[in-house]
Structure formats: structure tokens, C-alpha cells
Amino acid sequence: MDKHVVILGAGTGGTLAANRLRRVLGADVRISVVDQDDDHVYQPGLLFLPFGLTTANELVRSRPRQLRGAIDYRRTAVEHVDIDQHRVFLADGTVLPYDVLVVATGARLRPDETDGLTGPAWGRSVHTFYDLPGAAALETELADFDHGRLVVNVVDLPIKCPVAPLEFCFLADWYFRERGVRDDVELVYVTPLDAAFTKPVAARALSGLLAEKGVELVTEFNTGEVTPNSLISYDGREVEFDLAVVVPAHGGAAWVGRSPGLGDPLDFVPTDPHTLVSTASQDVFVIGDAAAVPTSKAGSVTHFEGEVLVRNVVRRLNGEAPDASFDGHTNCFIESGFGKALLIDFNYDTEPVPGHFPGPVGLPLLKESRLNHLGKLMFAWLYWHVLLPGREIPGIPTAMPTTGKRLPEETR
Amino acid sequence: MTTKVYAGTEVPVADDGFFTDPEQWRPDMAPEIAVEVGIADLTERHWQVITFMRREYAEKGTGPTVRMLGKSSGVSVKELYQLFPKGPAKLAARIAGIPKPRGCI
């Protein structure tokens with residue numbers, strides 16, 4: 004009997020899941036992919052746009068063009084999903100019944116959740132680089148900024164790519180130095196965490212780097228309100244700025260909140276961190292930022308999840324229990340300015356440590372190097388030509404490699 | 017493993033003071049833990065949050081974040097900070113006798 008896999012979202016996760024599934028499933032399984040627009044944005048590039056290191060045009064391609072043949076693409080928004088009836092209700096009135104549903108609608112920015120953030124200063128003295136229009140507007144703003152206090156603020160976690168706000172600080176240091184105005188610009192990083200990053204070893208390395216580049220670090224700051232020239236925390240502290248670059252709170256897609264029993268209060272989808280099956284239904288799988296799992300919201304995670312997701316979806320279609328298990332593998336290049344970058348590689352159980360990746364002879368971990376910067380640049384090509392088509396990156400396994408890493412037992 | 021005595025009972029706690037075994041917690045221990053973290057009086061509003069924390073932990077295996085609390089506990093984020101000034105998610109978890117909430121990554 005014909006079966007139907009419906010994939011909601013044609014970003015990183017939806018696209019690579021569709022392409023991988025299309026390769027392994029027979030013609031008796033239909034695959035439909037739904038997204039509300041046709042613009043697939045290479046999100047890691049948003050970091051570079053404000054500094055004039057890339058252009059908006061370079062970052063956007065057509066969503067359906069990233070999909071293999073024999074995949075049905077529908078351009079419309081999702082109204083809601085009825086998980087008991089196995090039906091997706093689309094904004095154009097169509098109802099899609101499914102045997103297996105893959106949720107891949109990612110995270111969305113919720114600046115509306117912070118008092119004053121979208122007020123009169125939004126787009127003037129308060130910006131974000133976490134979406135394309137924001138990053139493009141910030142490029143113009145930065146070009147005119149030659150003195151004053153620039154504050155980078157993360158409102159709340161989880162966010163996409165938790166290292167990106169730090170990278171923004173490092174690149175800002177480089178950018179203002181190149182322009183010869185660094186002495187006239189104060190840089191401040193304001194985070195709700197108790198350190199520069201969540202994981203202790205990486206946090207030490209990254210806060211060292213902030214200090215080295217003269218970026219002031221303000222921790223445990225929970226932004227409650229944004230005025231045109233200051234951040235005010237819930238516990239009454241104030242950080243003044245001339246220009247603020249704010250990473251707003253994130254939530255899941257709005258349709259998740261309209262689908263009874265599926266999401267959590269933030270509209271992310273509670274998901275088994277290993278099988279990627281939603282806790283609400285064994286016929287609903289989740290890939291990428293949409294999932295409420297304890298790992299970073301990052302393209303590398305989504306890529307590594309791909310193999311596990313596809314195996315478990317295929318097993319479900321055959322009436323078998325999931326047996327593939329995701330280990331939380333995450334791999335991030337951290338651009339540190341002046342043509343250098345760091346690399347971190349970790350999973351649910353192992354925090355980022357020094358060493359080399361993917362083995363003893365490889366890219367240096369948790370250490371600045373030119374090689375890592377080249378790796379970061381090369382990643383854009385890999386994204387369009389390897390990740391989205393759903394192929395493996397040669398030499399980079401799905402499970403986190405331990406060889407080459409200086410793990411705690413050895414470092415003690 | 018460290019232990020502490022609350023309401024006359026010795027309980028195991030982690031180095032940072034959070035309960036390692038939520039089963040050992042009793043409501044009459046809460047006021048004593050609260051005093052330790054600088055909250056002299058537990059009002060009805062505090063208790064609403066503490067009860068919610070325990071229910072969430074029982075269901076999900078981890079305490080909610082401040083934002084989750086603000087959306088689902090019936091107490092706004094602003095008020096949460098008035099009740100638990102030094103960080104509602106952490107303080108309420110500690111008083112409610114559940115492990116330190118797993119942060120996000």
C-alpha cells in the first residue's frame with residue numbers, strides 16, 4: 004500500500020531529510036515537503052553580512068531547487084497538525100494525511116517577548132543579525148559607527164548557534180581595528196549565562212579570547228527591558244549602549260503551538276534525544292532546531308541527526324521500532340577574526356576539549372588557527388553540495404570521534 | 017557527597033546545594049532552604065512556583081527555565097524575579113528540592 008511521508012519545513016533539516024529519504028525509499032512512498040516561502044538562507048553566513056564579508060544575494064537560494072526529483076513541494080504555511088488523526092492542515096486549505104511526519108520548521112525569533120525590544124529603537128540603535136533583513140540593516144549601521152559603546156546581548160537560551168554572538172564580538176574587534184577606530188569603540192558582551200559559554204573548558208578558552216580582544220564580559224544578565232540606549236535586567240541592573248546587537252529569545256514555529264499535544268510552552272517539540280521520535284506520537288519525528296533536545300541548535304547537529312532520523316523513519320514505515328541512536332554530536336567553527344577560527348566538537352556526554360579533529364592528525368580543537376578559518380569558509384560549499392543533498396562529509400562520522408581529543412582522564 | 021539537615025532530617029545534596037534525590041524533600045524543609053538562599057518568608061505565590069517546579073520535574077525530569085515558568089506557572093517573569101531575586105529557575109529548584117535545572121547549550 005502506498006505510504007506518505009510529510010516533511011514540514013524546507014530548511015537544513017527538512018531538505019536533507021527529504022533528499023536522504025528519497026534515496027532510500029521506493030516509489031510506493033510519496034514524500035511531500037511544505038514551506039511557507041522559497042528562500043533557503045545559508046544561516047551561518049548571517050554572521051559575516053554585517054561586516055561586509057558576504058552579501059545577502061550570496062546567502063539565499065531557492066528551496067525547491069535543493070530537493071531531488073520526485074519530491075512534492077508545497078509552498079504554503081502550516082495551519083496546524085492533528086497528531087491523533089495523522090493530518091496536516093495547510094494555510095491554503097489542503098489537508099495532507101501522513102503515515103510519518105517529520106517536523107523541521109526550526110526556531111523563530113521572538114523579539115516580541117522582551118519589553119521594548121521592538122520599540123522605536125528597533126532597527127535604529129537596536130539591531131539583530133539573526134535574520135537576513137536584520138543582518139543587512141546592521142551592515143549599514145556598522146559602516147557608520149566609528150565611536151561609542153557597542154553591546155552584544157543574548158536575551159535567553161536556547162538560541163541558534165550559541166557561539167555566533169561571541170563570534171560577532173571577535174569579528175567586531177577585527178572590523179573596528181581594520182578601520183582604525185578600535186580605540187574609540189567599547190565592546191561589551193552581555194549574557195544570561197554565568198560564563199562566556201555553557202561548557203566549562205570552552206567557556207574558559209572563550210572568555211580568555213574576549214579578554215585578549217578587549218571585550219568586556221557581563222554575566223548572569225537576564226534582559227527584561229530594552230530602551231533606546233540601555234538594557235535593563237529583571238534584577239534591576241542597567242547596561243548602557245550607543246548601539247545594541249541583540250539576539251532575541253527563540254521559540255519554535257507558531258503552528259506547533261496550534262497543534263494540541265505536540266509542543267512545549269516555547270513551541271519546541273519534546274523529542275527523544277536519541278531516536279528523534281517525538282514524545283507525543285511514534286509517527287512524528289523531529290530534526291534540527293525544532294526539537295527540544297539538550298544539544299546546540301546548529302546545522303552540524305541537524306546533519307548528524309540526518310542518518311539516524313532516516314533509519315528510524317524507514318523502520319517505522321516497516322512497522323519496526325527505532326534502533327538508531329543520536330549521540331548529540333555537534334561541531335562548530337568559531338570565527339575569531341584576523342583570518343583565524345577555533346573548532347569545537349562535542350556531544351551529549353563529552354564537553355568541548357582541546358586536541359585534534361577528526362583524529363590525531365586534523366584540525367586543532369579549541370585553539371585559534373588559520374586552518375579552522377579555511378574550514379569555516381569551505382563549510383558554505385559543503386552545505387549546499389554535501390549536507391543538503393544528504394550525503395556524508397568524507398572522514399567526518401555521525402558519531403562524535405574521541406580519537407584525537409584530550410579527554411578529561413588524560414588532561415587530569 | 018555532601019549532606020545537609022533540613023527540618024531535622026539529613027539529606028544528600030550536591031556541592032552547589034541542590035537535592036540529588038527529590039524523593040527526600042518534604043514541604044516543611046522548604047522554609048529552611050529558602051532562608052539559606054536569602055528568602056525569609058515563603059508566600060503563597062512562592063509556593064505556587066515551588067509546587068509547579070516539582071510537578072514539572074516529575075513529568076519531564078528537569079526543572080523549567082525562567083521563560084518556561086513565566087509561560088506556564090501562572091506567575092509572570094517579572095514577578096518571578098521579585099519572588100526569587102537572584103534567579104528564579106535556580107532558586108525555586110533548590111527550594112523545591114529538585115536537581116539544578118540543566119541549562120541550555
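From first to last, the protein sequence lines stand for chains Y and U. Under our numbering, the first residue of the first sequence carries the number 4, and numbering increases by one thereafter. Under our numbering, the first residue of the second sequence carries the number 17, and numbering increases by one thereafter. For every residue, glycine included, the Cβ atom is placed at its ideal position computed from N, Cα and C. Computed from a prediction, not measured in an experiment: that's the story for all the values here.
Backbone CA spacing between residue i and residue j [nearest angstrom]
{"i": "residue 91 (chain Y)", "j": "residue 66 (chain Y)", "result": "20 Å"}
{"i": "residue 37 (chain Y)", "j": "residue 103 (chain Y)", "result": "14 Å"}
{"i": "residue 121 (chain U)", "j": "residue 301 (chain Y)", "result": "With a pLDDT of only 44 at residue 121 (chain U), under the threshold of 50, the placement of this residue in the model should not be trusted; the figure read from the coordinates follows. So the two alpha carbons sit approximately 10 Å from each other."}
{"i": "residue 182 (chain Y)", "j": "residue 360 (chain Y)", "result": "34 Å"}
{"i": "residue 410 (chain Y)", "j": "residue 202 (chain Y)", "result": "14 Å"}
{"i": "residue 383 (chain Y)", "j": "residue 19 (chain Y)", "result": "15 Å"}
{"i": "residue 336 (chain Y)", "j": "residue 349 (chain Y)", "result": "12 Å"}
{"i": "residue 57 (chain U)", "j": "residue 48 (chain U)", "result": "10 Å"}
{"i": "residue 63 (chain U)", "j": "residue 153 (chain Y)", "result": "41 Å"}
{"i": "residue 38 (chain U)", "j": "residue 77 (chain U)", "result": "11 Å"}
{"i": "residue 372 (chain Y)", "j": "residue 381 (chain Y)", "result": "15 Å"}
{"i": "residue 324 (chain Y)", "j": "residue 280 (chain Y)", "result": "10 Å"}
{"i": "residue 207 (chain Y)", "j": "residue 96 (chain Y)", "result": "52 Å"}
{"i": "residue 94 (chain U)", "j": "residue 118 (chain Y)", "result": "11 Å"}
{"i": "residue 21 (chain Y)", "j": "residue 14 (chain Y)", "result": "11 Å"}
{"i": "residue 275 (chain Y)", "j": "residue 11 (chain Y)", "result": "19 Å"}
{"i": "residue 112 (chain U)", "j": "residue 98 (chain Y)", "result": "45 Å"}
{"i": "residue 347 (chain Y)", "j": "residue 385 (chain Y)", "result": "18 Å"}
{"i": "residue 158 (chain Y)", "j": "residue 166 (chain Y)", "result": "14 Å"}
{"i": "residue 97 (chain U)", "j": "residue 278 (chain Y)", "result": "37 Å"}
{"i": "residue 140 (chain Y)", "j": "residue 322 (chain Y)", "result": "50 Å"}
{"i": "residue 2 (chain Y)", "j": "residue 71 (chain Y)", "result": "Absent from the model: residue 2 (chain Y). The displayed extent of chain Y is 4 to 415, so no value can be given."}
{"i": "residue 113 (chain Y)", "j": "residue 156 (chain Y)", "result": "14 Å"}
Beta-carbon proximity list for residue i, same chain, < 7 Å, skipping 5 on both sides
{"i": "residue 73 (chain Y)", "result": "25"}
{"i": "residue 210 (chain Y)", "result": "198, 199 and 220"}
{"i": "residue 196 (chain Y)", "result": "222"}
{"i": "residue 339 (chain Y)", "result": "173, 212, 345 and 371"}
{"i": "residue 233 (chain Y)", "result": "241, 242, 243 and 244"}
{"i": "residue 73 (chain U)", "result": "38, 79 and 114"}
Own chain residues within Cβ distance below 8 Å of residue i, not counting five before or after
{"i": "residue 317 (chain Y)", "result": "24, 27 and 28"}
{"i": "residue 6 (chain Y)", "result": "31, 32, 33, 102, 103 and 320"}
{"i": "residue 400 (chain Y)", "result": "361"}
{"i": "residue 204 (chain Y)", "result": "354, 355, 356, 357 and 369"}
{"i": "residue 343 (chain Y)", "result": "371, 372, 373, 375 and 376"}
{"i": "residue 61 (chain U)", "result": "91, 95 and 99"}
Cβ-based neighbour list, residue i, same chain, cut-off 6 Å, excluding 5 preceding and 5 following
{"i": "residue 406 (chain Y)", "result": "362"}
{"i": "residue 415 (chain Y)", "result": "Any answer about residue 415 (chain Y) is weak, because its pLDDT of 41 lies below 50 and its placement is not dependable; what the coordinates show is given next. Hits under 6 Å: none found."}
{"i": "residue 341 (chain Y)", "result": "177"}
{"i": "residue 262 (chain Y)", "result": "83 and 84"}
{"i": "residue 116 (chain Y)", "result": "252"}
{"i": "residue 81 (chain U)", "result": "105"}
{"i": "residue 327 (chain Y)", "result": "311, 314 and 315"}
DSSP beta-bridge partners of residue i
{"i": "residue 156 (chain Y)", "result": "Y:193 and Y:249"}
{"i": "residue 6 (chain Y)", "result": "Y:32"}
{"i": "residue 100 (chain Y)", "result": "Y:90"}
{"i": "residue 111 (chain Y)", "result": "Y:254"}
{"i": "residue 351 (chain Y)", "result": "None; residue 351 (chain Y) has no bridge partner."}
{"i": "residue 236 (chain Y)", "result": "Y:226"}
{"i": "residue 77 (chain Y)", "result": "Y:37"}
{"i": "residue 340 (chain Y)", "result": "Y:343"}
For the 8 Å Cβ check, are there 3 or more pairs between the segment 288–307 of chain Y and the segment 253–260 of chain Y? They touch, by the three-pair rule.
Are there three or more Cβ pairs, one per stretch, closer than 8 Å when the segment 319–332 of chain Y is compared with the segment 345–356 of chain Y? The count of Cβ pairs closer than 8 Å, one atom from the segment 319–332 of chain Y and one from the segment 345–356 of chain Y, reaches three, so the stretches are in contact.
Would you check if the segment 124–131 of chain Y and the segment 34–42 of chain Y touch, i.e. whether three or more CB-CB distances between them fall below 8 Å? The answer is no - the segment 124–131 of chain Y does not touch the segment 34–42 of chain Y, with fewer than three Cβ pairs under 8 Å.
What are the residues of the segment 240–264 of chain Y that lie near chain U, defined by any Cβ-Cβ distance shorter than 7 Å? The segment 240–264 of chain Y vs chain U, Cβ under 7 Å: 252.
The segment 142–156 of chain Y / the segment 49–56 of chain Y touching (three or more Cβ pairs under 8 Å): Counting C-beta pairs with one atom in each stretch, the segment 142–156 of chain Y and the segment 49–56 of chain Y have three or more that are closer than 8 Å, which means they touch.
Does the pairing of the segment 264–271 of chain Y with the segment 80–89 of chain U give three or more beta-carbon distances under 8 Å? The count of Cβ pairs closer than 8 Å, one atom from the segment 264–271 of chain Y and one from the segment 80–89 of chain U, reaches three, so the stretches are in contact.
For the segment 23–39 of chain U against the segment 101–117 of chain U, are there 3 or more C-beta pairs whose distance is under 8 Å? The segment 23–39 of chain U vs the segment 101–117 of chain U: in contact.
What residues in the segment 219–230 of chain Y have a beta carbon less than 9 Å from any beta carbon of chain U? 223, 225 and 227: these are the residues of the segment 219–230 of chain Y whose beta carbon lies less than 9 Å from some beta carbon of chain U, given in chain order.
Could you say if the segment 190–200 of chain Y and the segment 165–176 of chain Y meet the contact criterion of at least three C-beta pairs nearer than 8 Å? Output reads yes: the segment 165–176 of chain Y touches the segment 190–200 of chain Y.
Segment contact flag, the segment 221–230 of chain Y with the segment 370–384 of chain Y, C-beta cutoff 8 Å, min 3 pairs: The segment 370–384 of chain Y and the segment 221–230 of chain Y do not touch, with fewer than three beta-carbon pairs separated by less than 8 Å.
At a CB distance below 9 Å, what residues from the segment 266–282 of chain Y approach chain U? Give them in sequence order. Interface annotation for the segment 266–282 of chain Y against chain U: 267, 268, 269 and 273, criterion Cβ-Cβ distance under 9 Å.
So if I threshold CB-CB distances at 7 Å, which residues from the segment 347–373 of chain Y count as touching chain U? Considering only beta carbons, no part of the segment 347–373 of chain Y lies closer than 7 Å to chain U.
Name the residues in the segment 148–179 of chain Y whose C-beta lies less than 7 Å from a C-beta of chain U; which are they? Using a CB distance below 7 Å, the part of the segment 148–179 of chain Y facing chain U consists of 159, 160, 161 and 165, ordered along the chain.
For the segment 113–125 of chain Y, which residues have a CB atom closer than 7 Å to at least one CB atom of chain U, in sequence order? Listed by position, the residues of the segment 113–125 of chain Y near chain U (Cβ gap below 7 Å) amount to none.
Going along the chain, which residues of the segment 63–84 of chain U sit with their C-beta nearer than 9 Å to a C-beta in chain Y? Answer in chain order: 76, 78, 80, 81, 82, 83 and 84.
What residues in the segment 281–310 of chain Y have a beta carbon less than 7 Å from any beta carbon of chain U? For the segment 281–310 of chain Y, the set of residues with a beta-carbon nearer than 7 Å to any beta-carbon of chain U comprises 297, 298 and 299, in chain order.
Residues within the segment 22–56 of chain U neighbouring chain Y, beta-carbon criterion of under 9 Å: Cβ proximity to chain Y below 9 Å picks out nothing from the segment 22–56 of chain U.
What are the residues in the segment 83–100 of chain U lying within 7 Å of chain Y by C-beta distance? When CB distances to chain Y are screened at a threshold of 7 Å, the residues of the segment 83–100 of chain U falling below it are 83, 84, 87, 88, 93, 94 and 97, in chain order.
In chain order, what residues of the segment 70–81 of chain Y put their CB closer than 8 Å to some CB of chain U? Cβ contacts with chain U come from no residue of the segment 70–81 of chain Y.
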